[in-house]
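Visitor: Under our numbering, the first residue of the sequence shown is numbered 1, with each subsequent residue one higher.
Below: one structure in structure tokens.
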Amino acid sequence: VFPATQVASADANTLDDYEEGTWTPVLGGSGGQSGQTYAEQSGTYTKIGRHVLISCTIRLTAKGTITTNLQISGLPFASGATYSWSAAARPSTLAVGWAHVHGILLPSVSVIRLDGFDTLDTTSTILTTTDVADATQMRITIAYHV
1 VFPATQVASA DANTLDDYEE GTWTPVLGGS GGQSGQTYAE QSGTYTKIGR
51 HVLISCTIRL TAKGTITTNL QISGLPFASG ATYSWSAAAR PSTLAVGWAH
101 VHGILLPSVS VIRLDGFDTL DTTSTILTTT DVADATQMRI TIAYHV
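Listed below in structure tokens is the structure:
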């Protein structure tokens with residue numbers, strides 16, 4: 001049993017920080033968003049020490065207004081000082097066809113940037129508002145350090 005508030009141990013081999021919970025993912029843009037409506041908007045996380053594993057599901061019913069680059073915000077913890085990326089993004093019903101979509105978590109942020117590979121898997125491009133449709137669905141799992 002862990003305490004409600006972390007009590008850091010001086011011993012590096014003592015596990016003293018474990019937490020599970022939920023969070024609310026928001027599909028939006030780096031320049032802002034408004035008017036989104038969701039059929040589903042759920043997320044879970046597990047934090048063990050510095051390691052965080054998050055999963056989320058987003059199903060839009062209306063994309064509203066999304067400005068600039070696509071991102072998912074609302075992460076329960078900001079990232080640490082290194083990049084993380086997810087090969088476990090599973091989008092469907094995007095407005096534009098992508099061979100593969102993945103999430104990138106830049107250092108010291110609480111948002112996942114969404115990138116996609118073209119049909120030849122040769123060029124990675126940041127997704128924008130034109131890539132999302134009213135019925136877009138997305139599931140993402142990403143692990144990162146705080």
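Using N, Cα and C, we set each Cβ at its ideal position, and we do this for glycine too.
If I measure Cβ to Cβ from residue 113 and keep anything under 8 Å in the same chain, skipping five residues before and after, which residues do I get?
Guide: Here residue 113 refers to the residue found at position 113 when the sequence shown is read from its first residue. Excluding residues within five positions, the ones whose Cβ falls inside 8 Å are 30, 69, 70, 71, 103, 104, 105, 106, 126.
Visitor: Among 52, 81, 32, which residue has its Cα nearest to the Cα of residue 64?
Guide: In the sequence shown, the residue the question calls residue 64 occupies position 64. Taking only the C-alpha atoms, the option nearest residue 64 is 32.
Visitor: Assuming residue 28 is part of the beta strand (DSSP E), what are its boundary residues?
Guide: Indexing the sequence shown from 1 puts residue 28 at position 28. 26-29 is the span of the beta strand (DSSP E), which, as asked, contains residue 28.
Visitor: Does DSSP classify residue 14 as helix, strand or coil?
Guide: As a position in the sequence shown, residue 14 is number 14, starting the count at 1. Residue 14: coil per DSSP, three-state reduction.
Visitor: Leaving out five residues before and five after residue 48 in sequence, what residues of the same chain have Cβ atoms less than 6 Å from its Cβ?
Guide: Numbered from 1 along the sequence shown, position 48 holds the residue referred to as residue 48. Correct list, in chain order: 18.
Visitor: How far does the beta strand (DSSP E) with residue 43 in it reach, from first residue to last?
Guide: Walking along the sequence shown from the start, residue 43 turns up at place 43. Per DSSP, residue 43 belongs to the beta strand (DSSP E) from 37-48.
Visitor: Let me check understanding here. Comparing Cα to Cα, which of 36, 118, 53 lies closest to residue 22?
Guide: Taking the sequence shown and counting its residues from 1, the one referred to as residue 22 is at position 22. The option with the nearest alpha carbon to residue 22 is 53.
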